[in-house]
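Protein sequences appear in the order of chains A, B, C and D. Once you know that position 179 of the first sequence is 179 in the numbering used here, the rest is easy, because the numbers rise by one and skip nothing. One gets the numbering used here by counting positions in the second sequence from 1 and adding 1000 to each. One gets the numbering used here by counting positions in the third sequence from 1 and adding 2000 to each. One gets the numbering used here by counting positions in the fourth sequence from 1 and adding 3000 to each. Notes for the one structure printed next.
4 protein chains.
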Amino acid sequence: MRLDAGCELEFEILEPTPMLLMLRPRSGEGQWVEAERYALQPRVPASEYADAWGNLCQRIVARPGRLHISTQVRVDTDDTIALAPGAPRTPVDQLPVEVIGFLLASRYAESDALADQARDVTAGATPGYDQVEAIRAWIHRSFEYRYGVSNESTSARDTIRMRKGVCRDFAHVGIALTRALGIPARYVAGYLHELEPMDLHAWFEAYVDGRWYTFDATQAGPRGGRVIIGYGRDALDVALATPFGDTKLDNMQAWVRAVPEAAG
Amino acid sequence: MRLDAGCELEFEILEPTPMLLMLRPRSGEGQWVEAERYALQPRVPASEYADAWGNLCQRIVARPGRLHISTQVRVDTDDTIALAPGAPRTPVDQLPVEVIGFLLASRYAESDALADQARDVTAGATPGYDQVEAIRAWIHRSFEYRYGVSNESTSARDTIRMRKGVCRDFAHVGIALTRALGIPARYVAGYLHELEPMDLHAWFEAYVDGRWYTFDATQAGPRGGRVIIGYGRDALDVALATPFGDTKLDNMQAWVRAVPEAAG
Amino acid sequence: MRLDAGCELEFEILEPTPMLLMLRPRSGEGQWVEAERYALQPRVPASEYADAWGNLCQRIVARPGRLHISTQVRVDTDDTIALAPGAPRTPVDQLPVEVIGFLLASRYAESDALADQARDVTAGATPGYDQVEAIRAWIHRSFEYRYGVSNESTSARDTIRMRKGVCRDFAHVGIALTRALGIPARYVAGYLHELEPMDLHAWFEAYVDGRWYTFDATQAGPRGGRVIIGYGRDALDVALATPFGDTKLDNMQAWVRAVPEAAG
Amino acid sequence: MRLDAGCELEFEILEPTPMLLMLRPRSGEGQWVEAERYALQPRVPASEYADAWGNLCQRIVARPGRLHISTQVRVDTDDTIALAPGAPRTPVDQLPVEVIGFLLASRYAESDALADQARDVTAGATPGYDQVEAIRAWIHRSFEYRYGVSNESTSARDTIRMRKGVCRDFAHVGIALTRALGIPARYVAGYLHELEPMDLHAWFEAYVDGRWYTFDATQAGPRGGRVIIGYGRDALDVALATPFGDTKLDNMQAWVRAVPEAAG
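Here it is, written out as structure tokens:
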């Protein structure tokens, strides 16, 4: 499946403001970037680096006035996501080194405090994929998707108390409970085709039986058509824009469109 | 200054338990490992890797029964720590890439929620080193060092409310307030010569004027004689032992001794 | 200066052939990727990773038949390159860790065997930038730019013997002699605006006085307008296409154009 | 098998000389460092870093006069090496990213020029482990182990011409021919228990069927009891001592001893 996706951000900048951005999707397993565009208006010097998780990050100093950021990507991605009912948990001592960091608690995923909850939610499930799917289904079933109840400091525990939140919160709950079972989980920021309402999106992946699998507690069933912007331990590692100064985000819009068959 | 330092951990293991350990100090800037010993009793297969911050981590599967871990290191380290009154803040856009990750909030250091607090505490201080020293002095002056009031889930905000805690909590407050000013800060786990009472220790470093400086809010004044075990964003990244299973830590002891002049 | 650059490669593939490609320029210091396109015809599954030097590498299995690769990039880059006459050599013990690897001999740059040559060529020059410029000027003055005299196995020593070669060979000589003086040097593959005749290009960078400087022995004087595809110790690390099987490269074309002022 | 191993190096230093050292073995898969000692006499400031392959490297500035380096390690290592007759070649497109770099030619292993030779030597062998074993056996059978015929610039091609050399040369031939078959190979520097005559040693590993296997063309049959100091593409990446200045290596000695059963 080929998708065009992109987002527009409008900032009001009140003073010269250093900013970190994470808005350039990379090709990876299951995602191939065919074309890409990244525009800053006004044009300012920008540099780029890869963070500890391999995400491409951009660094600018925004000038006072309006800053318009527009990024766009054409990606070849999977129509469906892989499913693996019954796939076993990978024992901790056999996890690849680069996966181990996703096993521990993080800012928004207090897995250490959620062992009982995780056991309850997954009671009866085979250790591994089925446990994670039980977690995902439980969140989807028991939580209300609602804007405005959570904010930047809302963590998995907060969301479990409230039983409501947005994609970011659902992902944090999924991650925290999955890790509480000794299964690595990571946060994914990206786009989802035909998401309703359209917006930037977040979900999570769990590492079972030797590879990462996709889980999205906001959706009723498995769905492909995903464009990945970045990976991290939780939303902290994948902030799309981090200003260090007095700024105001006036507008943010995301979009995803299927590429017509005929397109080159 | 040459120091011998070490620690002993005794676990009761109830089932075969994968464990992650971070108990092997590395040579680095300002610390040279002359000799080192790492013993597991009973002996079990162990492997080692470097994590995202360069710390050496060990992986074992502990067998049911007693597990005794004993590590020891002889290090050549600085007698004093560098001070830099008046040293300016490094602008965010000039920070080295590997330092940027230490600028953002983390699990125990909710810097995003502490901007006002940080401004209050550092009112009147020159941006940079002097701000961090003001934070350090404020913690030392206003907080009570007390065991038993904090636990694994206590964060900088919790500690600021309570005004008491241990070295780990003091470090988290220092880190959170420092980052809230746009200054990178990292957590350091290690040993301190003549610490009273002797224990494993934690402090923090701040990046100003192009390098890292050491700050320790538990101490009245600057002190050298430090042996570093690991660096991280906060205590989460530098857990000395993480069991994945049913275990009990029965005993933990740390010690530091100056190496006699004559020693080879 | 904004440039559009790109290349076209046509392969004849005789059997299913794994290939490594390095054809996706990255934003970095002094180069900002505004837009980019990477097309494989026929479309085949492709994945991407960053190598030890941070270059983005692509991996495919080409199918028997024709394979057409077309990449294109719009870059904001410097009009001129930085010059630093008199800038001193950075002492080896003060080099950043990530630079040290560029100090040692490599496949095509046998610096260990060229100490005398390096001393001769730079006699009288101030240690540092001026030495490297003396090397660059000597190559430009003494070597003939000629196609067909060198091949994949030609090294700096070979080229010094022959006194002729292409951009790749000139860069290897520059790198080998620079390293022979204890100055780190790296190979750069990329595009140069208004290169005559137009082709993919290669030059080198040397690390003096705390940063990398650009040197191009194929040119009479300093020139900006460069688009960087990859960095490496020598050409071995920056091969644009490496097939593992029976293939034939039928055609390769590169182009660079200035972006009209009015373009968005 | 527990081994004590170590080496002594004596340099005569004529001027203040920056040096890179690689003399600190690390724990890894199949090797656990129980204790370790690293002494520089006279004591000079030293720092340490991990290179691109994960090896620990030390950096000093040696002072004029004598420099004595003495390192020692106690390691728990395998008694035997794994064998895998018939294990298949891992297709290039399925190699882990970190292995790919070991597939390409390098300074002393001109694999691109040795395809025919590799085919000849492995004629009739099953693609994978058996090919590498055929290469290893061919070297052992056809090459004479002799000191003094090779030097720092001797490459695999040179050694194939001469049919003689030392462990380093044998390893380079093995690596070059293995890579010429599209099988990743890496150079290992280390110690071998009961090596005759005792010295620092080198051998190679090949990546087949999803993991690295050990091959040593200097030995008649498979032998364990190995202590690994470092990995690299070839000897260039694993130089134990690299002085940048006027020095003389007066003496070098290596030793390996089995640890008595009773030792703690």
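All C-beta atoms in this analysis are idealised placements derived from N, C-alpha and C, irrespective of residue type, glycine included.
Going by DSSP, what residues sit across from residue i in a beta bridge?
i, result
"HIS3201 of chain D", "D:GLY3190"
"ARG1255 of chain B", "This sequence places Trp at residue 1255 of chain B; Arg is not what is there. DSSP, once it has assigned bridges, lists B:GLY1006 as partnering TRP1255 of chain B."
"TYR3207 of chain D", "D:TRP3212"
"PRO3088 of chain D", "D:GLY3128"
"SER47 of chain A", "A:ARG59"
"GLU261 of chain A", "Looking at the DSSP assignment, GLU261 of chain A forms no beta bridge with any residue, so it has no partner."
"TYR3145 of chain D", "D:GLY3165"
"GLU34 of chain A", "GLU34 of chain A pairs with nothing; no bridge assigned."
"GLN41 of chain A", "A:HIS68"
"ALA1109 of chain B", "B:SER1106"
"ALA1185 of chain B", "B:ALA1206"
"THR242 of chain A", "A:LEU20"
"THR2247 of chain C", "C:ILE2013"
"GLY28 of chain A", "A:GLN31"
Counting along the chain, where does the beta strand (DSSP E) carrying residue i start and finish?
i, result
"ILE3069 of chain D", "3065 to 3077"
"ARG2168 of chain C", "Per DSSP, ARG2168 of chain C belongs to no beta strand (DSSP E); it is in the alpha helix (DSSP H), 2167 to 2180."
"GLU2008 of chain C", "2002 to 2013"
"ARG2226 of chain C", "2226 to 2232"
In terms of residue numbering, what span does the alpha helix (DSSP H) encompassing residue i cover?
i, result
"GLU3098 of chain D", "3097 to 3100"
"ALA2134 of chain C", "2129 to 2142"
"VAL2121 of chain C", "2115 to 2121"
"MET162 of chain A", "156 to 162"
Can you give the beta carbon distance from residue i to residue j, rounded, assuming they're within the 8 Å contact cut?
i, j, result
"LEU23 of chain A", "ILE69 of chain A", "7 Å"
"PRO3018 of chain D", "PHE3244 of chain D", "5 Å"
"ARG2980 of chain D", "GLY3232 of chain D", "Only positions 3001 to 3264 of chain D appear in the structure, and residue 2980 of chain D is not among them; the question remains open."
"ALA3082 of chain D", "ILE3139 of chain D", "Incorrect: roughly 20 Å between the Cβ atoms, too far for contact."
"ARG1037 of chain B", "GLU3034 of chain D", "7 Å"
"ALA2134 of chain C", "ALA2176 of chain C", "That belief does not hold up - the Cβ atoms of ALA2134 of chain C and ALA2176 of chain C are roughly 14 Å apart, past 8 Å."
"ALA2258 of chain C", "MET2001 of chain C", "7 Å"
"PRO1016 of chain B", "PRO1064 of chain B", "7 Å"
"LEU2973 of chain D", "GLU3048 of chain D", "With chain D running from 3001 to 3264 in the structure shown, residue 2973 of chain D is simply not present."
"ALA2105 of chain C", "LEU3236 of chain D", "6 Å"
"THR2247 of chain C", "GLU2012 of chain C", "7 Å"
"SER142 of chain A", "ARG163 of chain A", "6 Å"
"GLY1174 of chain B", "PHE1215 of chain B", "6 Å"
"TYR2213 of chain C", "TYR2129 of chain C", "7 Å"
"GLU1010 of chain B", "ASP1250 of chain B", "5 Å"
_Whether or not the stretch 3077 to 3095 of chain D and the stretch 3154 to 3166 of chain D are in contact is what I'm after, with contact meaning three or more pairs of Cβ atoms, one per stretch, closer than 8 Å; do they touch?_
no
*Residues in the stretch 16 to 32 of chain A with C-beta within 9 Å of chain C's C-beta atoms, listed in sequence order?*
ARG24, ARG26, SER27, GLY28, GLU29, GLY30, GLN31, TRP32
*asked:* Against chain C, which members of the stretch 3133 to 3165 of chain D pass a CB distance test of less than 7 Å?
replied: GLU3152, SER3153
*Touching by the beta-carbon criterion (3+ pairs, under 8 Å), the stretch 3071 to 3081 of chain D and the stretch 3117 to 3124 of chain D*: no
*Proximal residues, the stretch 2049 to 2074 of chain C versus chain A, C-beta separation under 9 Å*: TYR2049, ALA2050, GLY2054, LEU2056, GLN2058, GLN2072, ARG2074
*Could you tell me whether the stretch 2250 to 2257 of chain C touches the stretch 3213 to 3228 of chain D, where touching means 3 or more Cβ pairs closer than 8 Å?*
no
*Give the residues from the stretch 1102 to 1113 of chain B that approach chain A closer than 7 Å (Cβ to any Cβ), ordered along the chain.*
LEU1104, ALA1105, SER1106, ARG1107, GLU1110, ASP1112, ALA1113
*asked:* At a CB distance below 9 Å, what residues from the stretch 1177 to 1202 of chain B approach chain A? Give them in sequence order.
replied: GLY1182
_Any contact between the stretch 3189 to 3209 of chain D and the stretch 3158 to 3170 of chain D? By contact I mean 3 or more CB pairs, one from each, below 8 Å._
yes
*Compile a chain-ordered list of the residues in the stretch 1239 to 1253 of chain B whose CB is closer than 9 Å to at least one CB of chain A.*
ALA1239, THR1242, PHE1244, GLY1245
_To be precise: take each residue of the stretch 216 to 238 of chain A, compare its Cβ to all Cβ atoms of chain B, and keep it if any distance is under 7 Å. Which residues remain?_
LEU236
*Along the stretch 2081 to 2097 of chain C, what residues have a CB closer than 8 Å to any CB found in chain D?*
PRO2091, VAL2092, ASP2093, VAL2097
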